[in-house]
């Protein structure tokens, strides 16, 4: 217990000390989080009428962000699997960073669901024993279980590894490898279950497709590692953390293959939606070309298509991919492109046209944007703290101090 | 019925955000009680109001309540309304009757788009006036097609318009309702008499049911609903037209407060053309059974397997 407290003391000290740049970064994030909290307080006071949502488009920007972030969280597995299972040491240094990213993404995803419900104070109705959970019928009940389980796994394993390293011990493989294997299966099911949330609704033909789940996975395994490449490069530059060149190279191959699969799936979906102009394709028609005067999503989806297809083309050429600036640019393009596609191009058109064929458009209000900004800042804050503590432990700079260990031993003897 | 708040805090695993939300909510509610009950300035009425709010917050799931708990819940609603407005309401929790399964039939030949049903529904069911909420939509379709995409549901001209016919949609009370399946907290369910209802106190406002409904039957309270005091229908049902708050979903309940009293829903009563028929599907002598047996009936979006208990027919 005492060692645990010392560990958290050390972690807290590490997280609260740093350069001016670090403090400035954290101050900016805190400020943005406060803005988000303030915007959310307006939503709590006046109701969700302050959002752009209405009875026809009843999910919007919040749920879109949720969907995208679940994908980012699921993609952490791409680093975990080779490192722990295939014993590929090139990935090793990046694993904890990937898991920190998963934790941050999950916390953001859960926050986006919480701000989207009309009665957040009544969320205890979801809890076991005191509440009622509609399991296994409701896919949302599944999603809550899968999200929280994945969060626990992604906190548990890195915590055990860091705690062992901090004590100067070698973590016991028999203890954590089975949990890692579980979390790999869990990551795939996490995003699949999130896709089933939408795909299981015959009321929304745009989502009611068996390709939705696989497509979610493909985009997640593109956007997640693309973000990892950018983040690892930043950490290598600012945090003198040695990230092997091979890690970035292998990740870039993952991104490339996943992006190519995404492109195939997009083309396949577009063919079905447009070849025979059926009612099933109404939402896609609205999304890509607009219906009549209503064409709010058209510029978004085409910019997403342009970004992702260009980036996929760049990455597919080995000579271009080997050039660092091209790689970073392509990764950023893919991340933004998929964020738009998941955010604006997947959730919102599912509601347009509404069940009786009317077009009621939606665009987020400033409240939604500021709340979202606050949540993204919270994610960045959580990630920074986790990385700030994990890196010195992994580098061996942060270790349990001798006196404390002695005190522990003495205490043990006296007992 | 009322759970100890501490039990929730200590026993239950929960994720961080939810925990913060719950503790925050309880703290806010608790502080309110504390503030009013400790303050010498607070009147007895304010203390009682705070106590009722506190109890309502920890109220359990309606279906799990004993008859005595249901009674207490209803008295709390009535007392709360009296304390807040000085007016009295009569809330019922009357259960489904034996051997009853409600069904509805809509005569496409007779409807002329007068919209009296819409107006009656809004008044009967205490729907939010500020946002113009309505459970019923009347679609004006051009003759020669039954394409709802081409229809208009916000027409302002003399009806019936030449060359057009009218069809009303509302909650179809599906026998296999997708909205009930998706609710994560079972806040919406089908009653034994076939009515799909919502417990407004249990609904968390996630709106998954709205996404799942293929008929646009559900409405959400985006803001605090507004019903002028003099227009409030005081004859209410816990699962029906009682006053809602912001952040919860609501819908047509076949006027459960009327139908379980042996009356027709307000829309049926208000229709001047007799286009609307409501009755017990299990009663072989009912008018609705006669229609099903003698008219060529059809339902909308039958291919989705929702089994609506709402049929259309023509003369």
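Protein chains in written order, with this note's numbering: chain Z, 284 to 698; chain A, 279 to 593.
We put the CB at the ideal spot given by N, CA and C, even for glycine.
Closer than 7 Å by beta-carbon distance: list the chain Z residues that pair up with residue i, in chain order.
{"i": "residue 417 of chain A", "result": "639"}
{"i": "residue 322 of chain A", "result": "By Cβ distance, chain Z contributes nothing, its closest Cβ being about 26 Å from residue 322 of chain A, past 7 Å."}
{"i": "residue 490 of chain A", "result": "484, 486"}
{"i": "residue 485 of chain A", "result": "341, 342"}
{"i": "residue 392 of chain A", "result": "The premise fails here: residue 392 of chain A is roughly 20 Å from chain Z at the closest Cβ pair, so nothing lies under 7 Å."}
Would you please state the rounded distance, in angstroms, between the beta carbons of residue i and residue j? I believe it to be under 8 Å.
{"i": "residue 340 of chain Z", "j": "residue 674 of chain Z", "result": "Their Cβ separation, rounded to whole angstroms, is 43 Å, which puts residue 340 of chain Z and residue 674 of chain Z out of contact at 8 Å."}
{"i": "residue 422 of chain Z", "j": "residue 353 of chain Z", "result": "At roughly 13 Å, the Cβ-Cβ gap does not stay under 8 Å, so residue 422 of chain Z and residue 353 of chain Z are not in contact."}
{"i": "residue 415 of chain A", "j": "residue 381 of chain A", "result": "Between residue 381 of chain A and residue 415 of chain A the Cβ distance is about 20 Å, and since that is not below 8 Å, they are no contact."}
{"i": "residue 487 of chain Z", "j": "residue 571 of chain A", "result": "So it is not a contact: roughly 35 Å between Cβ atoms."}
{"i": "residue 577 of chain Z", "j": "residue 644 of chain Z", "result": "6 Å"}
{"i": "residue 494 of chain Z", "j": "residue 548 of chain Z", "result": "6 Å"}
{"i": "residue 341 of chain A", "j": "residue 467 of chain A", "result": "7 Å"}
{"i": "residue 579 of chain Z", "j": "residue 660 of chain Z", "result": "Contact flag wrong, Cβ pair sits at about 27 Å."}
Is the separation between the beta-carbon of residue i and that of residue j shorter than 8 Å?
{"i": "residue 499 of chain Z", "j": "residue 546 of chain Z", "result": "no"}
{"i": "residue 366 of chain A", "j": "residue 512 of chain A", "result": "yes"}
{"i": "residue 362 of chain Z", "j": "residue 663 of chain Z", "result": "no"}
{"i": "residue 668 of chain Z", "j": "residue 359 of chain Z", "result": "no"}
{"i": "residue 349 of chain Z", "j": "residue 320 of chain Z", "result": "no"}
{"i": "residue 384 of chain Z", "j": "residue 666 of chain Z", "result": "yes"}
{"i": "residue 525 of chain A", "j": "residue 330 of chain Z", "result": "yes"}
{"i": "residue 435 of chain A", "j": "residue 421 of chain A", "result": "no"}
{"i": "residue 437 of chain Z", "j": "residue 472 of chain Z", "result": "no"}
{"i": "residue 255 of chain A", "j": "residue 391 of chain A", "result": "Residue 255 of chain A is absent from the structure shown; chain A starts at 279 and stops at 593."}
{"i": "residue 331 of chain A", "j": "residue 514 of chain A", "result": "no"}
{"i": "residue 484 of chain A", "j": "residue 462 of chain A", "result": "yes"}
{"i": "residue 495 of chain A", "j": "residue 529 of chain A", "result": "yes"}
{"i": "residue 654 of chain Z", "j": "residue 326 of chain Z", "result": "yes"}
{"i": "residue 633 of chain Z", "j": "residue 584 of chain Z", "result": "no"}
Kindly list, in the order they appear in chain Z, the residues whose Cβ is closer than 8 Å to that of residue i.
{"i": "residue 447 of chain A", "result": "639"}
{"i": "residue 497 of chain A", "result": "338"}
{"i": "residue 582 of chain A", "result": "485, 486"}
{"i": "residue 327 of chain A", "result": "Near residue 327 of chain A there are no residues of chain Z at all, since even the closest Cβ is about 17 Å away, more than 8 Å."}
{"i": "residue 455 of chain A", "result": "Under the 8 Å cutoff, chain Z gives no residues; its nearest Cβ is about 11 Å from residue 455 of chain A."}
{"i": "residue 494 of chain A", "result": "338, 339, 637, 638, 639"}
{"i": "residue 431 of chain A", "result": "639, 641"}
Under 7 Å between beta-carbons, which chain A residues line up against residue i? List them in chain order, please.
{"i": "residue 469 of chain Z", "result": "Per Cβ cutoff of 7 Å: no residues; residue 469 of chain Z is ~15 Å from chain A at best."}
{"i": "residue 424 of chain Z", "result": "462"}
{"i": "residue 550 of chain Z", "result": "Under the 7 Å cutoff, chain A gives no residues; its nearest Cβ is about 27 Å from residue 550 of chain Z."}
If the cut is a Cβ gap below 7 Å, which residues of chain B does residue i touch?
{"i": "residue 426 of chain A", "result": "Among the protein chains of the structure shown, namely Z and A, there is no chain B."}
Under 8 Å Cβ-Cβ, which residues of chain A neighbour residue i?
{"i": "residue 670 of chain Z", "result": "Those within 8 Å of residue 670 of chain Z in chain A number zero; the least Cβ separation is about 19 Å."}
{"i": "residue 531 of chain Z", "result": "What residue 531 of chain Z touches in chain A: nothing, since even the nearest Cβ is about 32 Å away."}
{"i": "residue 621 of chain Z", "result": "What residue 621 of chain Z touches in chain A: nothing, since even the nearest Cβ is about 22 Å away."}
{"i": "residue 658 of chain Z", "result": "Those within 8 Å of residue 658 of chain Z in chain A number zero; the least Cβ separation is about 10 Å."}
Going along chain A, which residues have a C-beta under 9 Å from residue i?
{"i": "residue 582 of chain Z", "result": "Within chain A, no residue comes near residue 582 of chain Z; the closest Cβ sits about 24 Å away, beyond 9 Å."}
{"i": "residue 544 of chain Z", "result": "Result: empty, since nearest Cβ-Cβ is about 28 Å, beyond 9 Å."}
Taking 7 Å as the line, does the beta carbon of residue i fall inside it for any heavy atom of the ligand FAD?
{"i": "residue 407 of chain Z", "result": "For the structure depicted, the ligand FAD is absent and the ligand set is empty, with no information on it obtainable."}
Could you list which residues in chain Z have their beta carbon closer than 9 Å to that of residue i, in chain order?
{"i": "residue 524 of chain A", "result": "329, 330, 331, 332, 401, 402"}
Quick one: which residues of the segment 315-329 of chain Z get their C-beta closer than 7 Å to a C-beta of chain A? List them in chain order. 329
Please list the segments of the beta strand (DSSP E) lying wholly inside the segment 314-355 of chain A, counting only runs of 3 or more residues, in order along the chain. none
May I ask you to list, following chain order, the residues of the segment 460-482 of chain A that have a beta carbon less than 9 Å from some beta carbon of chain Z? 460, 461, 462, 463, 464, 465, 479, 480, 481, 482
Would you mind listing the alpha helix (DSSP H) stretches within the segment 318-374 of chain Z that are 4+ residues and don't spill past its ends, in chain order? 344-357, 360-363
What alpha helix (DSSP H) runs, 4 residues minimum, are completely inside the segment 534-573 of chain A? 534-537, 544-548, 565-572
Short-range partners of chain A found in the segment 443-468 of chain Z, where Cβ spacing is below 7 Å: none
In chain order, what are the residue ranges of uninterrupted beta strand (DSSP E) at least 3 long that sit wholly in the segment 443-482 of chain A? 466-468, 474-476
Using a Cβ cut-off of 7 Å, which residues of the segment 339-368 of chain Z contact any Cβ in chain A, in chain order? 341, 342
Below 8 Å between beta carbons is the criterion; list the residues of the segment 328-340 of chain A that meet it against any residue of chain Z, in chain order. 335, 339
Identify every run of the beta strand (DSSP E) within the segment 504-532 of chain A, keeping only runs that are complete inside it and at least 3 residues long; order them along the chain. 513-515, 527-529
Mind listing which residues of the segment 403-420 of chain Z have their C-beta closer than 9 Å to chain A's C-betas, in chain order? 403, 404, 405, 406, 407, 408, 409, 410, 411, 412, 413, 414, 415, 416, 417, 418, 420
Taking only runs that begin and end inside the segment 483-567 of chain Z, name each unbroken alpha helix (DSSP H) of 4 or more residues, in chain order. 495-521, 528-558
Can you check the segment 403-469 of chain Z for any alpha helix (DSSP H) of at least 4 residues that lies completely inside it and give the ranges in chain order? 422-449
Taking any Cβ of chain A, which residues in the segment 623-654 of chain Z have a Cβ under 8 Å from it, in chain order? 633, 634, 636, 637, 638, 639, 640, 641
Mind listing which residues of the segment 499-514 of chain A have their C-beta closer than 8 Å to chain Z's C-betas, in chain order? 499, 500, 501, 502
Which whole runs of the alpha helix (DSSP H) in the segment 345-421 of chain A are 4 residues long or more, in chain order? 345-363, 394-402
Near-chain Z residues of the segment 393-406 of chain A - C-beta to any C-beta below 8 Å: none
To test your reading of the DSSP string, which unbroken beta strand (DSSP E) runs of 3 or more residues are found completely within the segment 630-685 of chain Z? none
Along the segment 288-312 of chain Z, what residues have a CB closer than 8 Å to any CB found in chain A? none
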